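Engineer: Numbers 8 to 512, taken from our numbering, label the letters of the sequence shown in order.
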Amino acid sequence: MAASHHRCTSVASELEGTLLISGSLFPYFFLVALEAGGPLRALLLLAAYPLVALLGAAFSSDDLPLLAMTFLSTAGLGVGDVTAVARATLPRFFLTDLRGSAFRALSRHAGGGERYVVTRLPRLVAEPFVREYLGVDVRVVGTELRVVAGKRFSGTVVASPGVVGGGDRSLGALVAVLGRDRIVDVGLYCSGIAGGGDRQPAFLQVCQERRVVSAPEKAPATPLPRSEYPRPLVFHDGRLVCRPDPLACLAIFLWLPLSVLLSVTRLLLGFLPHGADLLLAAATGFRIRGTLGGAAEPAGPGRGTLFACNHQTLMDPVILSTVLRRKVTAVTYSLSSFSELIAPIPTARLTRDRGRDSRIMQGELTRGDLVVCPEGTTCRESYLLRFSPLFAEIAGEVTPTAVQAGGTMFHGSTVRGHKWLDAVFFLMNPAPWYEIRILTPVATCSGSGDGGASSLHLANCVQRVIGDALGFECTGLTRRDKYRMIAGHDGVDARSSPPKPPPSS
């Protein structure tokens, strides 16, 4: 009997409505449909949602809308595609809706007994977020999707053996995991959710103690502050900026026809004379703000200015050129042919061969201004990736340039999507904005004879200068880290890399 007092306490919590402030599952099914299936599938889900919601309410069934959304968002999709969306796109939306009080209550049990997160979402959809941000020891209890031929979803779920006579699917799944004779010590829930008064989640039936972690009628729900995230959110993918609730999705689809026309108009403005493009861009709602330092003046004949900037979207060099009111050449690695075609400034394609790339960049500098993005890839959040030191070896002086950009509907960068549409999507935002700050030039180690260590030190110095100007945190993460996390590969386009020499005999 005494030993039982030392037994670790097991705890279970519902995901939606308790750990998450909102109890709605539609946004997550919509993101799966859009990012893994495409816009037509997402539009079909949006059109069908009001009908299935009404039918569910008419028959007092939570299962009908859930099964319909599951089928419409996953039927025929590859397992890898849905898994990638769950890993790279959904965590950001989960985190912004994570209830602070519920997260802290669940975290107090870390390292103790078993922890369960119960969800009506398919387990595959919620598990990457739960394991990455709530703890690798947390077991996700949700419905299982049926797989056909080992690689595609049928759109149906595998029935839980614990579901009996109209029972709740999350309860059935938890019973199936625990076994019929076991119970959970503590069940966490939020009172007064989902318009059901004090109706409690069904999984609490197998919990010995029921503990309220938040009562919305007493205090409004508060999302977990970013400073308390268990791990920083640095990388994520997906095109949508805002949470795709049904009304927000409807607004996006209604906006699309006008947004495409507006995007094309804004792209064409880049080919107008400098000054006119800035004014007309403002007339379309595109706000560009530039803060120029002394280095904004041309360096003189035969010698250009080297600008090193953080990377927000593919348009960074174009906007810098607009702010400077003169042409600058942008270095690229694997820019698509379409992006090169619509670029109103010159581009220089690099090869990932250090010596050859150095000569290309030095040659471009003798002909005019050059802009490089030493991070090597875009980063959406307030972090700076590690700067490659090559730029510090090609000129005697470098001008750090701090860049910030944003929009309310669409991200202007992607990993798994069509990268050639990045600029188009960014300019489809109703009121996109850019801010360019040209900072004080920094002397480099070029020609000093100790290029290796000195160029790396300078790259770190320029990173810190830009980070301080933006209020961003500097990291040691790289382009490779980003692509491995989001896409599962190193992100190197073999077509842009020089052929490897044959092995020596």
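Yeah, the Cβ is synthetic: ideal placement off N, Cα and C, and Gly gets one too. Just so we're clear, the structure is a prediction, and the values are computed from it rather than from any experiment.
1. Note the first and the last residue of the continuous beta strand (DSSP E) segment covering glycine 413.
2. Using CA coordinates, which residue listed in Asp284, Thr373, Ala19 is at the minimum distance from valine 125?
3. Kindly indicate which three-state DSSP category arginine 471 falls into: helix, strand or coil?
4. Could you tell me whether the stretch 463 to 473 touches the stretch 388 to 398, where touching means 3 or more Cβ pairs closer than 8 Å?
5. For a test of the three-state rule: what should DSSP assign to valine 422, helix, strand or coil?
6. Return yes when at least one heavy atom of the ligand SAM lies under 7 Å from the C-beta of phenylalanine 417, else no.
7. The alpha helix (DSSP H) with alanine 156 in it runs from where to where?
8. From the DSSP output, read off the bridge partner residues of glutamate 21.
9. By how many angstroms is the C-alpha of tyrosine 123 removed from the C-alpha of arginine 115?
10. Isoleucine 445 bridges to which residues according to DSSP?
11. Check for me: the beta strand (DSSP E) holding proline 298 runs from which residue to which?
12. In three-state terms, what does DSSP make of cysteine 481?
13. Along the chain, where does the beta strand (DSSP E) that runs through cysteine 256 open and close?
14. Measure the beta-carbon distance from leucine 372 to alanine 402 and round it to whole angstroms, keeping in mind my assumption that it falls under 8 Å.
15. To the nearest angstrom, how far is the alpha carbon of serine 221 from that of cysteine 197?
16. Considering only the alpha carbon of each residue, which of Leu79, Met368, Tyr490 lies closest to serine 161?
17. For the stretch 336 to 389, which segments carrying the alpha helix (DSSP H) assignment without a break, of at least 4 residues, lie completely within its bounds, in sequence order?
18. Hey, out of Leu51, Thr16, Val165, Gly24, whose CA is closest to glycine 120's CA?
19. Do glycine 311 and glycine 375 count as a contact pair if the criterion is CB distance below 8 Å?
20. Between Arg359, Cys249, Val472, which has its C-alpha nearest arginine 444's C-alpha?
21. Would you decide whether serine 108 is buried or exposed? Buried here means 16 or more other CB atoms lie within 10 Å of its CB.
22. Quick one: grab the DSSP three-state call for aspartate 69.
23. Please classify phenylalanine 101 as buried or exposed, where buried requires at least 16 neighbouring CB atoms within 10 angstroms.
24. Bridge partners for tyrosine 56 per DSSP, in chain order?
25. For glutamine 215, count neighbouring C-beta atoms within 10 Å of its own C-beta (all shown protein chains included) and say buried if the count is 16 or more, exposed if not.
26. Can the beta-carbon of glutamate 400 be found closer than 8 Å to that of valine 449?
27. Which residues in the same chain have their Cβ closer than 6 Å to the Cβ of methionine 322, if we skip the five residues on either side of it in sequence?
28. Under 8 Å Cβ to Cβ from glutamate 23, same chain only, skipping five residues before and after it: list those, please.
29. From the DSSP output, read off the bridge partner residues of glycine 194.
30. Put threonine 162 into one of helix, strand or coil per three-state DSSP.
31. What separation, rounded to the nearest whole angstrom, lies between the Cα atoms of alanine 117 and glycine 142?
32. Within its chain, find whatever has a CB closer than 7 Å to the CB of isoleucine 326; leave out the 5 residues flanking it on each side and keep chain order.
33. My output table needs one value for phenylalanine 417: the three-state DSSP class, helix, strand or coil.
34. Please classify aspartate 144: is it buried, with 16 or more other beta-carbons within 10 angstroms of its beta-carbon, or exposed?
35. Would leucine 27 pass as a contact of aspartate 88 if the rule is Cβ separation under 8 Å?
36. Kindly list the residues whose CB is nearer than 8 Å to the CB of arginine 246, restricted to its own chain and excluding five residues on each side of it in sequence; keep chain order.
Structural biologist: According to the structure shown:
1. Here residue 413 corresponds to residue number 406 of the sequence shown, with the count starting at 1. 404 to 413 is the extent of the beta strand (DSSP E) around glycine 413.
2. For this step, residue 125 is matched to residue 118 along the sequence shown. Of Asp284, Thr373, Ala19, the residue nearest in Cα terms is Ala19.
3. Residue 471 sits at position 464 when you count from the first residue of the sequence shown. Correct three-state label for arginine 471: helix.
4. yes
5. Here the question's residue 422 lines up with position 415 in the sequence shown. In the structure shown, valine 422 adopts coil according to DSSP, grouped into three states.
6. Ligands displayed in this structure: none; no statement on the ligand SAM is therefore possible.
7. For this step, residue 156 is matched to residue 149 along the sequence shown. Run containing alanine 156: none; DSSP gives neither H nor E here.
8. For the purposes of this step, residue 21 is taken as the residue at position 14 of the sequence shown. Beta-bridge pairing links glutamate 21 to Val125.
9. Taking the first residue of the sequence shown as 1, we reach residue 115 at position 108. Taking the first residue of the sequence shown as 1, we reach residue 123 at position 116. About 13 Å.
10. Looking up residue 445 in the sequence shown gives position 438. In the DSSP assignment, isoleucine 445 is bridged to Thr408.
11. Here residue 298 refers to the residue found at position 291 of the sequence shown. Here the sequence assigns threonine to residue 298, which means proline is not the residue at that position. That run of the beta strand (DSSP E) goes 294 to 298.
12. The sequence position of residue 481 within the sequence shown is 474, counting from 1. Correct three-state label for cysteine 481: strand.
13. Stepping through the sequence shown from its first residue, residue 256 is reached at position 249. Careful: cysteine 256 lies outside any beta strand (DSSP E), inside the alpha helix (DSSP H) at 253 to 276.
14. Here the question's residue 372 lines up with position 365 in the sequence shown. Here the question's residue 402 lines up with position 395 in the sequence shown. The Cβ separation is near 6 Å, so the contact holds.
15. Locating residue 221 in the sequence shown gives position 214, counting from the first residue. Locating residue 197 in the sequence shown gives position 190, counting from the first residue. Whole-angstrom Cα-Cα distance: 5 Å.
16. In the sequence shown, counting from the first residue as 1, residue 161 sits at position 154. Nearest option by C-alpha distance: Leu79.
17. 344 to 349, 361 to 374
18. Position 113 of the sequence shown, counted from the first residue, corresponds to residue 120. Ranking the options by Cα distance to glycine 120, first place goes to Thr16.
19. As a working note, residue 375 is residue 368 in the sequence shown. As a working note, residue 311 is residue 304 in the sequence shown. In this structure, glycine 311 lies closer than 8 Å to glycine 375 by Cβ.
20. In the sequence shown, counting from the first residue as 1, residue 444 sits at position 437. Comparing Cα positions, the closest option is Val472.
21. For the purposes of this step, residue 108 is taken as the residue at position 101 of the sequence shown. Classification of serine 108: buried, given that the 10 Å Cβ count is 16 or more.
22. The count along the sequence shown starts at 1 and reaches residue 69 at position 62. Three-state result, aspartate 69: coil.
23. Your numbering for residue 101 matches position 94 in the sequence shown. With 16 or more Cβ atoms within 10 Å of its Cβ, phenylalanine 101 is classed as buried.
24. Indexing the sequence shown from 1 puts residue 56 at position 49. BP columns for tyrosine 56 are empty, so no partner.
25. Position 208 of the sequence shown, counted from the start, is the residue given in the question as residue 215. Glutamine 215 comes out exposed.
26. One-based indexing of the sequence shown puts residue 400 at position 393. One-based indexing of the sequence shown puts residue 449 at position 442. Cβ atoms of glutamate 400 and valine 449: not closer than 8 Å.
27. Against the sequence shown, residue 322 aligns to sequence position 315. So the qualifying residues of the chain are Ala430.
28. Residue numbering aside, residue 23 sits at position 16 when the sequence shown is read from its first letter. Excluding positions up to five away in sequence, the list reads Ser29, Gly30, Ser31, Leu32, Thr126, Arg127, Leu128.
29. For the purposes of this step, residue 194 is taken as the residue at position 187 of the sequence shown. The partner list for glycine 194 (beta bridge, DSSP) reads Ala19, Arg217.
30. For this step, residue 162 is matched to residue 155 along the sequence shown. Correcting the residue identity first, residue 162 is glycine in this sequence and not threonine. Three-state result, glycine 162: strand.
31. Within the sequence shown, residue 117 is the residue found at index 110, counting from 1. Within the sequence shown, residue 142 is the residue found at index 135, counting from 1. Cα-Cα distance, rounded: 8 Å.
32. Counted from its first residue, the sequence shown places residue 326 at position 319. Closer than 7 Å at Cβ, skipping near neighbours: Ile295, Tyr441, Ile443.
33. Start at 1 with the first residue of the sequence shown, and residue 417 comes out as number 410. Strand at phenylalanine 417.
34. Working through the sequence shown from its first residue, we reach residue 144 at position 137. Exposed.
35. Along the sequence shown, one-based indexing puts residue 27 at 20. Along the sequence shown, one-based indexing puts residue 88 at 81. Cβ atoms of leucine 27 and aspartate 88: not closer than 8 Å.
36. To locate residue 246, count along the sequence shown from 1; it is residue 239. Scanning its chain for C-beta atoms nearer than 8 Å, with the 5 sequence neighbours on each side dropped, one finds around arginine 246 the residues Leu41, Glu42, Phe417, His418, Thr421, Gly424, Phe432, in chain order.
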